[in-house]
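A short write-up of the structure that comes next.
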Amino acid sequence: MKVPFCSTELLGASLLLCLSVLAERQAAVDDSFDPLAYINPLIGTSNEGHVFAGASLPFGMAKAGPDSDSDNQGGFATDATNIMGFSHMHDSGTGGSSSLGNFPIFPQPNCTNDDITLCSYSSQSRLSGYVGDSLSAKPGYIGLTLNNGVQTEVTVSNHTALYRFTIDPNVQYNSPVILVDLTDLPQSRANGTASVDPTSGRITVGGTFGPSFGVGNYESYACVDFSGAGIRNTGTFFNDDVALQPDNVTTSVGSYSEANSAGVWTQFAAPVNGVFIARVGLSFLSTDDACSNAENEIGDFDFDSTYQAAQQAWTEKLNVVSVSPGGASDDMQTSFWSGLYRSMLSPQDYTGQNPLWQSDEPYYDSYYCIWDSFRSIHPLLTLVDPVSQSRMIRSLVDIYRNEGYLPDCRMSLCKGFTQGGSNADIVITDAYLKDIPDVNWTTAYQALVQDAEVEPSDWSVEGRGNLDSWHNLGYVATDDADPNTSGYSTGSISRTVEYAYDDFCIATMANKTGQSDDYTKYVGRAQNWKNMFKDDQTSSINGADTGFVGFLQPKYDNGSWGSQDPIFCSPLQDFTSCYLGESNYETYEGSIWLYTFFVPQDMGALITTLGGKDNFTSRLSYLHDSGLLYVGDEQAFLTVYQFHYVGRPGLSTKQVHAYIPSQFNNTNNGIPGNDDSGAMGSFEVLSMMGIWPVPGQDVYLLSPPFFKEVSIKNGLTGNVATIRNVNFDASYSNIYVQNATKDGKPWTKNWITHDFFTKGGTLEFTLGDSESSWGTNTEDLPPSLTPYDF
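In mature numbering (1 follows the signal peptide of the UniProt record, and there is no 0), the protein residues as written are -23 to -1, 1 to 767.
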């Protein structure tokens, strides 16, 4: 490789600077490092992490792998016992009920006494354990050996799953059987049809299913072909009732509602060396389209080349990031790269597979949910994959264009439940501020205003509810009847602070586009969080006063106060009582203690309201140290870094080191809670990079990376931004910034803007073992609507 020449005539600092630039450029193009070697797809596959461990491309539609018989929201769980099949589409890290998992296949090496009726067919009777040390998961691949002796390996292309079956030579395999079941993981099938060709063995299936966290239904189709063995017999099954004829089966709720399992099977002659292949094409349009996808993408049934192509796709996505570990452990590196990998599993690119409307725009699905992902996933993608982020923004705008509202949660072509505010407003504003290209910003802004001004008929699945209350009272009134529309009448406190931030984001975009009247209106509503703050409210834990006064509280439409214990729905009291659809409590998935801190638009006013700099610092520390906070729910993320706003960035750094690696690490249960489509992974990655984006603002809060150096190559400009630690030690004794430079010049702010990542450059932290004065002055703090009063 040719590189610019650093002349020996350069002396001292000039020569060092030139050599440093060369080293950075070399690191940026060095392709010898293999990030795939540091990815563990099994992180988060136990303890209800619900991470998808199977084979996928980045943002891929085909997500294939084994399905466990319990805790199977992501398909496979390492703390479950049995496998009930291998299916071809999954979501990753979701809470609630299982999703997708349509049309599982299951291999059996033979039937007892060569009697086709003595194989196992229903999902319960075919359950099989697997050989523990046979499990192997890598980007684009998963494999394990069932106790029945069939090793199953899985890889994928965009819309096609490929399975390679190798039967243990010590097991008789004169007539192996593959069945295809019309079920899905949540057992939501309304109807289904399966057919098998008795000559070729080709299986085509289709059915109508329901989403896991939303309303409506969707149709799904698959086409299964085989290679490596001749066809012996074909037939059908209902539960464990088996027939050689007919070669097709139709189910519906009316006729076969009792049959959780129903489908078709193909029996083979003995495959050569016990190896044969199943190729599964997928579609949301038709079985013909599913077959066409398979034939076009993997026409030759070549497992190894398909897997190699998947590896290459992942390598290209991940290689925009480079790390100089500086002695950081392999476990730390694996946690980092695995988090980045999981951040690119969803949303899923269903472009060309949307039957709901015709459009030339991209279509992405599996937003589980934007209430979770706006905080870390989308800001991370803006940094490492702005092209995909652009396509996702265009997809969101196109959903508005065709369905009337932006989604908050969307899966399986269906509207998902709204968890709080209209959070796509934040994602769109964030993308606008950071110059994400190719978006129709005029239509995007219209979508934001629609959320803010027009209440939908059912605001449980789109838009915002209680808008009369919001517009006229300045808060979401507790027990607001809202008679003209319907939705979940809960979370009046959490929705008030979230609506306030949503409207701040709209105000930001209005200001940037010259719409002054809109700016005035929405920046005014951004202050509405104050209307639910009760300044004399106290809080106790086990009868002992915490010593902190002033919390958000429920408020009725006549202005009178209600009451909810500030610690309620924290880990210290009735933790899971505030989930969607639970009783009428006023915060969602968190306590009033937590939501009182959610004012990222006006931290100056919040700090004053909570008693000033010292009281704010003590209260935020108490939130983290008392057991009140659960970092496994995404609204906790920002609180890790809010010490920056009182000029204590070192406390933010200290706090993130308290969570990584204690709760984020390289183990099967190495995330707190479920991953929520990569939210936990993206929190981990951003934190280990040393940056925390405040979504909806052009603000990145700064903290030292967990490595000696991290670089990000911008996918639009090609420029490289590097964050480097001086005095880095892998024991993490020196974690506090003593001073910083940006491109060789002093940098005193504890935050930075996005142009650092688009223009490139070097941010260098000199570290020490105690807090310093860096980033502590008022002029070095992040922006706030209200000036800081200290």
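C-beta atoms are modelled at their ideal positions from N, C-alpha and C, and glycine is treated no differently.
Report all residues from its chain with a CB closer than 8 Å to the CB of residue i; omit the five preceding and five following residues, and keep chain order.
i, result
"G381", "Q427, P433, E439"
"T89", "L95, C96"
"D44", "G52, F53, I60, M61, G62, F63, S64, G78, P81, L162"
"D551", "F545"
"T523", "T515, S516, S517, Y599, S603"
"S232", "Unreliable positioning characterises S232 in this predicted model, as indicated by a pLDDT of 42, which lies under 50. A coordinate reading is not provided."
Taking the CB atoms as reference points, tell me whether residue i and residue j lie closer together than 9 Å.
i, j, result
"I82", "V257", "yes"
"T71", "H27", "yes"
"L295", "P670", "no"
"residue 771", "V404", "Outside the displayed span of the chain (-23 to 767) sits residue 771, for which this structure offers no information."
"L529", "V623", "no"
"D766", "G468", "no"
"V131", "L139", "yes"
"N645", "I20", "yes"
"L317", "V361", "yes"
"Y496", "T630", "no"
"residue 773", "G650", "Only positions -23 to 767 of the chain appear in the structure, and residue 773 is not among them; the question remains open."
"S399", "D342", "no"
"V300", "Q310", "yes"
"A199", "T264", "yes"
"L628", "F574", "no"
"P84", "I155", "yes"
"A613", "D349", "no"
"S99", "N225", "no"
"W570", "S554", "no"
"T185", "R166", "yes"
"F29", "P18", "yes"
"G658", "S320", "yes"
"R596", "L587", "yes"
Using a Cβ-Cβ cutoff of less than 7 Å, which residues in the same chain neighbour residue i once the five nearest sequence positions on both sides are dropped?
i, result
"P223", "T213"
"Q715", "T743, L744, G745, S749, W751"
"T455", "S469, P531, K532, Y533, G539, E563"
"T143", "Q128, G251, V252"
Less than 8 Å between the CB atoms is what I'm expecting for residue i and residue j, so what's the real figure, rounded?
i, j, result
"S172", "V241", "7 Å"
"L557", "Y465", "6 Å"
"Y344", "P384", "6 Å"
"T243", "F203", "7 Å"
"S471", "Y340", "Not really, about 30 Å apart at Cβ, beyond 8 Å."
"D46", "L104", "6 Å"
"A408", "T359", "7 Å"
"V697", "S664", "That belief does not hold up - the Cβ atoms of V697 and S664 are roughly 21 Å apart, past 8 Å."
"D402", "L425", "5 Å"
"K392", "G191", "5 Å"
"F660", "S353", "5 Å"
"S33", "V133", "6 Å"
Are there 16 or more other CB atoms within 10 angstroms of the CB of residue i, so buried, or fewer, so exposed?
i, result
"A14", "exposed"
"V576", "buried"
"G520", "exposed"
"K726", "buried"
"L333", "exposed"
"G721", "exposed"
"K736", "exposed"
"V431", "exposed"
"D579", "buried"
"E756", "exposed"
"D277", "exposed"
"S177", "exposed"
"Q285", "exposed"
"N151", "exposed"
Below 6 Å CB to CB, which residues in the same chain sit around residue i once its five sequence neighbours on both sides are set aside?
i, result
"V526", "T515"
"I700", "G667, P682, V687, L740"
"D266", "S260"
"K719", "L740"
"T585", "D766"
"S336", "D375"
"Y377", "L383, A424"
With a threshold of 8 Å, establish whether the CB of residue i neighbours any heavy atom of the ligand HEM.
i, result
"V438", "No copy of the ligand HEM appears in this structure; indeed no ligand is present at all."
What beta strand (DSSP E) runs, 3 residues minimum, are completely inside the stretch 145 to 223?
DSSP runs (the beta strand (DSSP E)) wholly in the stretch 145 to 223: 154 to 158, 168 to 173, 180 to 186, 195 to 204, 208 to 215, 218 to 220.
With a floor of 3 residues, list each beta strand (DSSP E) that falls wholly inside the stretch 53 to 83, ordered by position along the chain.
60 to 64
Which full runs of the beta strand (DSSP E) of 3+ residues lie inside the stretch 280 to 366, going along the chain?
298 to 301
Give, in chain order, every unbroken run of the beta strand (DSSP E) that is at least 3 residues long and sits entirely within the stretch 105 to 137.
113 to 115, 118 to 122, 127 to 133
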